[in-house]
Amino acid sequence: MLSYRHAYHAGNHADVIKHLTMALIFQSMHKKAKPYSYIDTHSGGVDYDLLSDEAVKTGEAAEGILKVLEHPMLPESYRELIKGYNSSGILARYPGSPAIAHHFQRAGDKLQLMELHNNETSVLKRKASRWPDTAIHHRDGFEGLPGIVPPEPRRGVVLMDPSYEIKTDYMKALKSIKAAYKRWPTGVYALWYPMLVADKSQMMLDSFERSGIRRILVAEISREAGQDETFGMIGSGMMIVNPPFQLDEQLSECLTALAEAMLGKTAVADVRWLVGE
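Its first residue numbered 0, the sequence shown is counted upward by one per residue in numbering that gives the first Met the number 0.
The structure is reproduced here in structure tokens:
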């Protein structure tokens, strides 16, 4: 039930769309001096060795961040944090979402990191326990999110990116965010999801569209499935509730070129409002 390990997938195209979106959101949060809260429901490890046996075995970073690190359309704030994590000039480590949040953390900003996997929690505690204003929770992020909102400070951002190994994760994500939104409707909620050949993400998005939650932005990158494909990830998306001002324009400007660079010339990007004001 908890077999997923992100070390095999670090720096892939899914990480790129997820983390560049988060970098743009954090950048927007910095436009005000007021502190904010960050909640990560599925934190994983803090960072990943791209030269490890696991990463080399799949080679996913070679088709992800390595393809676009110098691409002119990559948001500069995301590029800078990746390069800052690899001061030698060799892309050997990839920061996970906790490390990215910590990179943008200012004095007064508070991080709450949740993780259920025992091994990943141990790594998280070892690497992040000394970060300022950071709480680490060994718990299920789906049930944990509604239980800790509204946070203090109330201005804040949530990232939810489960593995979706268990098919019920789609509806668990919906239920968790709906419950949290009821208690904290002003938060920014960012939900990552895979786009599969046998896709279940559209059913989840349809449910969000009917949920009564307003201001939902969707950004996706994907390629065409091959004729002989019956399973596997062909892309991924980010659903953002209460997105910062102009995030839709920023993502529209960069994603098509980045999708083609990572997924091939037939790749497409789609940025749309699932629900408006």
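Each residue gets a CB set at the ideal place from its N, CA and C atoms; glycine is no exception.
Expressed to the nearest angstrom, what Euclidean distance is found between the alpha-carbon atoms of residue i and residue j?
i	j	result
residue 248	residue 218	11 Å
residue 140	residue 115	7 Å
residue 0	residue 24	For residue 0, the pLDDT reaches just 44, beneath the cut-off of 50, and the residue's location in the model is therefore unreliable, although a value from the coordinates is still provided. Residue 0 and residue 24: Cα-Cα distance of roughly 31 Å.
residue 125	residue 135	10 Å
residue 270	residue 107	33 Å
residue 60	residue 120	23 Å
residue 22	residue 84	14 Å
residue 168	residue 207	14 Å
residue 55	residue 10	11 Å
residue 35	residue 149	12 Å
residue 78	residue 90	12 Å
residue 232	residue 131	37 Å
residue 44	residue 104	18 Å
residue 46	residue 30	27 Å
residue 73	residue 128	31 Å
residue 171	residue 203	10 Å
residue 165	residue 100	26 Å
residue 57	residue 15	16 Å
residue 147	residue 273	27 Å
residue 40	residue 137	10 Å
residue 192	residue 42	15 Å
residue 28	residue 151	15 Å
residue 110	residue 98	11 Å
residue 184	residue 153	10 Å
residue 33	residue 142	28 Å
residue 113	residue 122	12 Å
residue 17	residue 87	25 Å
Can you tell me where the alpha helix (DSSP H) with residue i in it begins and where it stops?
i	result
residue 12	12-28
residue 92	Careful: residue 92 lies outside any alpha helix (DSSP H), inside the beta strand (DSSP E) at 92-94.
residue 174	168-182
Just to confirm my understanding: we take residue i, look at its own chain, exclude 5 residues before and 5 after, and list those with CB closer than 7 Å. What are they?
i	result
residue 145	175, 178, 179, 182
residue 265	222, 223
residue 66	260, 261
residue 205	none
So is residue i in contact with chain B if we call contact Cβ pairs under 7 Å?
i	result
residue 270	You won't find chain B in this structure, because it holds only one protein chain.
Identify, in the order they occur along the chain, each residue of the same chain with its Cβ nearer than 6 Å to the Cβ of residue i, setting aside the five sequence neighbours on each side.
i	result
residue 155	35, 36, 186
residue 250	218, 270
residue 93	9, 10, 47, 49
residue 268	220, 254, 255, 258
residue 26	76
residue 239	189, 216
Report all residues from its chain with a CB closer than 8 Å to the CB of residue i; omit the five preceding and five following residues, and keep chain order.
i	result
residue 70	256, 257, 260
residue 275	213, 214
residue 50	91
residue 242	24, 187, 214, 216
residue 253	19, 72, 73, 74
residue 194	200, 219, 221, 232, 233, 234, 235, 236
residue 198	none
residue 244	27
If residue i sits next to residue j, beta carbons under 8 Å apart, how far is it from one beta carbon to the other, in whole angstroms?
i	j	result
residue 7	residue 62	With a Cβ gap of about 13 Å, residue 7 and residue 62 do not count as contacting.
residue 262	residue 234	7 Å
residue 158	residue 96	6 Å
residue 220	residue 5	The pair is not a contact, with the Cβ atoms about 19 Å apart (cut-off 8 Å).
residue 102	residue 68	So it is not a contact: roughly 16 Å between Cβ atoms.
Where do the N-terminal and C-terminal ends of the beta strand (DSSP E) with residue i fall, by residue?
i	result
residue 270	267-274
residue 40	Premise fails: residue 40 is in no beta strand (DSSP E) and is neither H nor E.
residue 218	215-221
residue 195	187-195
residue 134	133-137
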